[in-house]
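Notes to accompany the following structure.
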Amino acid sequence: TLCGREGVHIVNALHRDVSGPDKTLCDTCLCGVLGRKRVIIFAPDEFPTDFSFARRPDLTSDRLRPLAGLPEDEAWRRLEELASRDDVGGAVFDLKPGRFLFIPHGWWHAVQPVDDFTFITGPSRLSGV
Numbered sequence: 001t002l003c004g005r006e007g008v009h010i011v012n013a014l015h016r017d018v019s020g021p022d023k024t025l026c027d028t029c030l031c032g033v034l035g036r037k038r039v040i041i042f043a044p045d046e047f048p049t050d051f052s053f054a055r056r057p058d059l060t061s062d063r064l065r066p067l068a069g070l071p072e073d074e075a076w077r078r079l080e081e082l083a084s085r086d087d088v089g090g091a092v093f094d095l096k097p098g099r100f101l102f103i104p105h106g107w108w109h110a111v112q113p114v115d116d117f118t119f120i121t122g123p124s125r126l127s128g129v
């Protein structure tokens, strides 16, 4: 996938990774290849699931509904603030070239480019281990 600095609005970016025909939640390893990326992660129980697709959070939930109508930059800023709160299981990372970030199955995450970059992603082959 090729991304630029224009980013992706939070309503499309926040997700959990799934694999296989049964869409099983899987582990993911993000690899910094070229350019920097901002990664926001949340524990599995921080958002309810959209039961029509286990990959997506329920965007009508109290924490996410207000973000959908905001401009992209403001929505990302507020999601970063939420992930940084002491009462929330979340974090914000800057992923740089040569660095890796392991995301356990079920964890919500969103990635936003800081620089222009090439982003390579796929489910971990270690998911069944």
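The UniProt record's numbering puts the first residue of the sequence shown at 1, with every later residue one more than the last. Each residue gets a CB set at the ideal place from its N, CA and C atoms; glycine is no exception.
query, result
"Beta-carbon gap between Asp66 and Arg78 smaller than 9 Å", "It is Pro, not Asp, that sits at residue 66 in the sequence shown. Contact flag set, yes."
"Runs of alpha helix (DSSP H) wholly within the UniProt domain \"JmjC\" (1-129) (minimum 4 residues, chain order)", "10-13, 65-68 and 72-84"
"Beta-carbon proximity of Phe102 to Cys26, cut-off 9 Å", "no"
"Cutoff 7 Å; reference Arg63; Cβ partners in own chain excluding five residues on either side", "Phe47 and Leu82"
"heavy atom of the ligand NAP below 8 Å from Arg55 C-beta", "Absent from the structure shown: the ligand NAP. Ligands present: none."
"Local Cβ density within 10 Å of Phe42, reported as buried at 16 or more and exposed below that", "buried"
"Euclidean distance between Cα positions of Ser19 and Asn12", "18 Å"
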